[in-house]
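S.K.: Provided herewith is a single structure, encoded as structure tokens, for subsequent inquiry.
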Amino acid sequence: MGAPVGRFAPTPSGRMHLGNVFAAMVSWLSVKRDGGEWVLRMEDLDTLRTSEEAARMIREDLRWLGLAWDRETAPQSRRSGAYLRYFEKLADMGLLYPCYCTRSQLHSVNAPHLSDGTYVYPGTCRGLSGAQRAAVGRAPAWRVRVPEETWRFSDLCQGAYAQDLATECGDFVVRRADGVYVYQLAVTVDDGEAGVTQVVRGADLIGSAPRQMYLQALFGFPHPEYGHVPMLLSADGRRLSKRDRDLDMGALRSRMTAQALLGYLAAASGLIDRAEPVSPAELAGEFAWEKLRKADLRLDAAMMGSLE
Ligand code: GLU
2 MGAPVGRFAP TPSGRMHLGN VFAAMVSWLS VKRDGGEWVL RMEDLDTLRT
52 SEEAARMIRE DLRWLGLAWD RETAPQSRRS GAYLRYFEKL ADMGLLYPCY
102 CTRSQLHSVN APHLSDGTYV YPGTCRGLSG AQRAAVGRAP AWRVRVPEET
152 WRFSDLCQGA YAQDLATECG DFVVRRADGV YVYQLAVTVD DGEAGVTQVV
202 RGADLIGSAP RQMYLQALFG FPHPEYGHVP MLLSADGRRL SKRDRDLDMG
252 ALRSRMTAQA LLGYLAAASG LIDRAEPVSP AELAGEFAWE KLRKADLRLD
302 AAMMGSLE
């Protein structure tokens, strides 16, 4: 196998927090240990929540950390032409159908839901006739049919993972009623066209991997390796989010050096024994997936305290 191609695909909706930095760091270390390439991509499908200013700050924070990228591919907001081509492929395969369900209808169904908060779609609009469709009189979302098939992979961090798309997800939306392509389609097309062979990101996205693997198979892209890294929790057990402004890069950069920050994350996640300042290149020499902890990482009070 050739050298890996990894990527970091942040949503530029604000400054990175420590959890984003951790995912970026592990992705970078994993590909750089093996002399691979690291690709940066801004996931700004949601143009109302994202901005060029936030994208600029993410690039600047990555530079400060010393996590250099080899190329940046086009942001998702400029890729709708590419997404349309793949959407049409699905249509040509007869796999798409329009869905008129409203948000409240979807939420009122008594269906179990996935860890990412989406509901298992019961197939309500799967069998609508042309006349029924015409009668609705508003723009539909488009769903792709999923077969009864279990998708399995061996995650570099979490180990064996399996999901039956039909019973655990259902037919899923690839284009919303307002014409915006959804993350699952965009990420599959972008990673596939960029030749990404290793996807490293937060463990909250592991449940998305089977949908992406299904689309990869339909589009003719090889499956990448996946590594879903632990989430970071604050000392009181909350998941870090961009709303926790006190843990964003602005606060971090004013309080510690980049190498101290990387050393802290590497020690907290099991990559090194003691939290000492360390450069990305030194850490890459030490990197091994086997050392990385699987479970969510709770930041210690001292770390949190130093950021207050
Ligand atoms: N854009 C997503 C985020 O910032 C990451 C998606 C991915 O890595 O596939 O959380």
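Per the numbering used here, the sequence shown starts with residue 2, numbered consecutively.
Each residue gets a CB set at the ideal place from its N, CA and C atoms; glycine is no exception.
Note that the structure is predicted; figures quoted are calculated from it, not measured.
Determine the burial state of M94: buried for a count of at least 16 other Cβ atoms within 10 Å of its Cβ, exposed for fewer.
M.R.: The residue is exposed, with fewer than 16 neighbouring Cβ atoms inside 10 Å.
S.K.: Run the CB neighbour count on L284, radius 10 Å, all protein chains shown included, and call it buried at 16 or more, exposed below.
M.R.: Its Cβ being crowded by 16 or more others within 10 Å, L284 is buried.
S.K.: If you run the structure through DSSP and keep just helix, strand and coil, what is G228?
M.R.: Here G228 sits in strand by DSSP.
S.K.: What is the C-beta distance between K292 and G271, in whole angstroms, given that I count them as a contact (C-beta under 8 Å)?
M.R.: With a Cβ gap of about 5 Å, K292 and G271 count as contacting.
S.K.: When the Cα atoms are used, what is the spatial distance from E309 to A25?
M.R.: With a pLDDT of 47 at E309, under the threshold of 50, the modelled position of that residue is not reliable, and no figure is offered here.
S.K.: So does R202 have its beta carbon nearer than 7 Å to some heavy atom of the ligand GLU?
M.R.: The answer is yes for R202.
S.K.: Could you check where the alpha helix (DSSP H) with F288 kicks off and where it finishes?
M.R.: From DSSP, F288 is part of no alpha helix (DSSP H); its letter is neither H nor E.
S.K.: Between F154, G171 and L206, which has its C-alpha nearest P148's C-alpha?
M.R.: Minimum Cα distance to P148 is reached at G171.
S.K.: Could you check if E44 belongs to the surroundings of the ligand GLU, using beta carbon to heavy atom distance under 7 Å?
M.R.: Checking every heavy atom of the ligand GLU against the Cβ of E44, one is found closer than 7 Å.
S.K.: What does a CB cutoff of less than 6 Å around G228 pick up in its chain, not counting 5 residues either side in sequence?
M.R.: Around G228: L157, C158 and V201.
S.K.: Since A163 is in the beta strand (DSSP E), which residue starts that stretch and which ends it?
M.R.: From DSSP, the beta strand (DSSP E) with A163 extends over G160 to D165.
S.K.: For M17, name the three-state secondary structure that DSSP assigns.
M.R.: Three-state result, M17: coil.
S.K.: Taking only heavy atoms of the ligand GLU into account, decide whether any of them is closer than 7 Å to the Cβ of P225.
M.R.: Not under cutoff, so the answer is no.
S.K.: Considering only C-alpha positions, which residue in the set R275, V230 and G286 is nearest to L19?
M.R.: The shortest Cα separation from L19 among R275, V230 and G286 belongs to V230.
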